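Some notes on the structure that comes next.
In this note's numbering, the protein residues as written are 873 to 1456.
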């Protein structure tokens, strides 16, 4: 066991020792124009004229799961700037509109004559070269190049030709550079147009390589089990993967249709350890076969109203804010399933509809109030009526959510959530499991159970590089069908607090700590074979996300579960994980 722990410490620390300090940006951002325009910036606008007729592919920006502290709710992926979406440069009819070209320069007089006669120089929309200063030589050369293109096809006087000759000699070096760059860019644009995948669809992918092992612990058993402690866990270190291909399509620039296929062979440590308290955040196993995972359509209906329709795998966390912005991602956030967000966001999981309406918003102050309504049916695709009735979109198992997101200050957000559910578990695949009366099966048969579920979540950023988040979840579960005697009832509770420090040593890294108590029953009534309810299991998780480059990160971490399955006789579980994530 000591050797196993030593190996894991080595795996966790090795990436940090050999990592390069040169890191790319963690997130694509719009770069605002400044007063000082470089030659490349001016030429980018010149390129717009060259490519104005090119129909460029619509690019849908991927919403990053890390370093988005200002997120108030899952945002509709916005289209990224493409060649066809850049600002245009309208023609001007007088050089006087180019207010930052000095009128005392001889070049100003030459430009004035050419522009007024031929209307050949293109300026910026505000009629300046950006700022109260003289145009640079490259800007002047680019303007002259535009005149050369126009005048070469028209009749010109000897005086105008002489002026052009003088200007061409003055800016000969700059003209050579400009023409070479424009020719090169034209070739690149033509190549992109000929080889692009689609004008409306963007392929985005992520791959997780995982190395994990149960370092110590005994198999979790219920408190009333005989004996009261399970056998020591003897497992091997495994290397596994999950690959996802996302096809994001936008039909008019603001909507998104996603089709995701994935293949994976990740282990479910709930099976190995005997409790869902030990599950990883990304444990998916398709037997190595690609299958449909996400299938949804999202679109804004108005400036305040947002619609999402899920046809597959439609958990609430994909459509409403979960208040754990730095650790909610299974690719770059928490390594445990419980550590991502309140388990009530996992209820449902099939087809459904979500509406989000902004009631109040003050962008200047960063405050607002948002109402979320969502309905999910896990067995919506099954038309067969069964007993108990759990199939169908409306007559079967379901979960209906109402959530109010309140941001009283820019750095503080709170969520108040109610979920009415029937025929679904109330632990979200986390918490105690494996016996009647556990959080996964509180009354002995989830198909006969209805529940009222309440959640409170918050996220608070006291300083730029420190984020605190947390939640409390409570479920009152009771039998609604299939019984003749006393009604079976149970109460389930969980809570967690997360602490995340981004950019602590380098841009894009995240140091995280998660502590809490996974879902456990705090009372059980009339459930045969259920042990006495206790609330004594604890979850402790530490991780460090290391960005290797813009597209690669490594996250070593440890998960400790104390008193697993609410049984103090069980030895603490300790899992070691190294997750490597590739995204492109």
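Where is the CB? At the ideal position from N, CA and C, for every residue including glycine.
Given the structure is predicted, the values throughout are model-derived calculations rather than measurements.
What is the DSSP secondary structure of residue 1236, counted as helix, strand or coil? coil
Does the beta-carbon distance from residue 1301 to residue 1218 come in below 8 Å? yes
What's the gap between the Cα of residue 1062 and the Cα of residue 1425? Across the structure, residue 1062 and residue 1425 are spaced so that their CA atoms are roughly 34 Å apart.
In the DSSP output, what is residue 1286 paired with across the bridge? Per DSSP, 1278 and 1330.
In this structure, how does DSSP classify residue 1188 when only helix, strand and coil are distinguished? helix
Check each candidate in 1251, 1022 and 1340 and name the one with the smallest Cα separation from residue 1386. Comparing Cα positions, the closest option is 1340.
Residue environment, residue 1175, which counts as buried when at least 16 other CB atoms sit within 10 Å: exposed
Which residues bound the alpha helix (DSSP H) around residue 1037? For residue 1037, the enclosing alpha helix (DSSP H) covers residues 1030-1042.
Assigned exposure category for residue 1393 - 16 Cβ within 10 Å defines buried: Residue 1393 counts as buried, since no fewer than 16 other beta carbons sit within 10 angstroms of its beta carbon.
How would you label residue 1124, buried or exposed, when you count the other beta carbons within 10 angstroms and need 16 or more for buried? exposed
Output the distance between the C-alpha atoms of residue 1214 and residue 1018, rounded to the nearest integer angstrom. The alpha-carbon atoms of residue 1214 and residue 1018 are separated by roughly 60 Å.
Out of 1157, 1449 and 1319, state which residue places its alpha-carbon closest to the alpha-carbon of residue 1138. 1157
At the level of alpha carbons, what is the spacing between residue 1288 and residue 1345? 10 Å
Stretch-stretch touch, CB-based, cutoff 8 Å, three pairs: the region 1426-1443 with the region 1089-1096: yes
Out of 1259, 1286 and 1280, which has the shortest C-alpha to C-alpha gap to residue 867? Because residue 867 is not part of the residues shown, which for the chain are 873 to 1456, the question remains open.
Alpha carbon of residue 1449 to alpha carbon of residue 1428, nearest angstrom: 6 Å
Selection from 1052, 1338 and 1204 that minimises the alpha carbon distance to residue 1372: Here the closest residue by C-alpha is 1338.
Is it right to say residue 1191 is buried, meaning 16 or more other beta carbons lie within 10 angstroms of its own, or is it exposed? With at least 16 other beta carbons inside 10 angstroms of its own, residue 1191 counts as buried.
Using CA atoms only, rank isn't needed, just tell me which of 1196, 1412, 1415 and 1188 is closest to residue 1285. 1196
Whole beta strand (DSSP E) elements within the region 1301-1363, 3-residue minimum: 1321-1335 and 1338-1351
Say whether the region 1318-1337 touches the region 1166-1173, bearing in mind that this needs 3 or more beta-carbon pairs closer than 8 Å, one atom from each stretch. no
Short Cβ contact (8 Å threshold) for residue 1322 with residue 1293: yes
Is it buried or exposed, residue 1343, if we count other Cβ atoms within 10 angstroms and call 16 or more buried? buried
Measuring only the C-alpha atoms, how far is residue 945 from residue 1193? For residue 945, the pLDDT reaches just 40, beneath the cut-off of 50, and the residue's location in the model is therefore unreliable, although a value from the coordinates is still provided. In this structure, the CA atom of residue 945 is about 4 Å from the CA atom of residue 1193.
Return the CA-CA distance between residue 1037 and residue 1016, expressed in angstroms with no decimal places. 11 Å
Check whether residue 1076 and residue 1118 have beta carbons under 8 Å apart: The Cβ atoms of residue 1076 and residue 1118 sit closer than 8 Å to each other.
When you compare the CB positions of residue 1395 and residue 1147, do they come within less than 8 Å of one another, or not? No, Cβ-Cβ distance for residue 1395 and residue 1147 is not below 8 Å.
What residue from 1275, 1280 and 1283 has the CA that sits closest to residue 1328's CA? Cα-wise, what sits closest to residue 1328 is 1275.
Look at the alpha carbon of residue 1114 and the alpha carbon of residue 1153, and state the distance between them as a whole number of angstroms. 12 Å
Rounded to whole angstroms, how far is the Cβ of residue 1485 from the Cβ of residue 1254, which I believe are closer than 8 Å? Nothing in the structure corresponds to residue 1485, since the chain is present only between 873 and 1456.
Span separating the alpha-carbon of residue 1411 from that of residue 1389: 6 Å
Taking the C-alpha atoms as reference points, what is the distance between residue 985 and residue 1045? Rounded to the nearest whole angstrom, the C-alpha separation of residue 985 and residue 1045 is 23 Å.
Quick test of your reading: residue 1362 and residue 1315, contact by CB under 8 Å. State the CB separation rounded to the nearest angstrom. 5 Å
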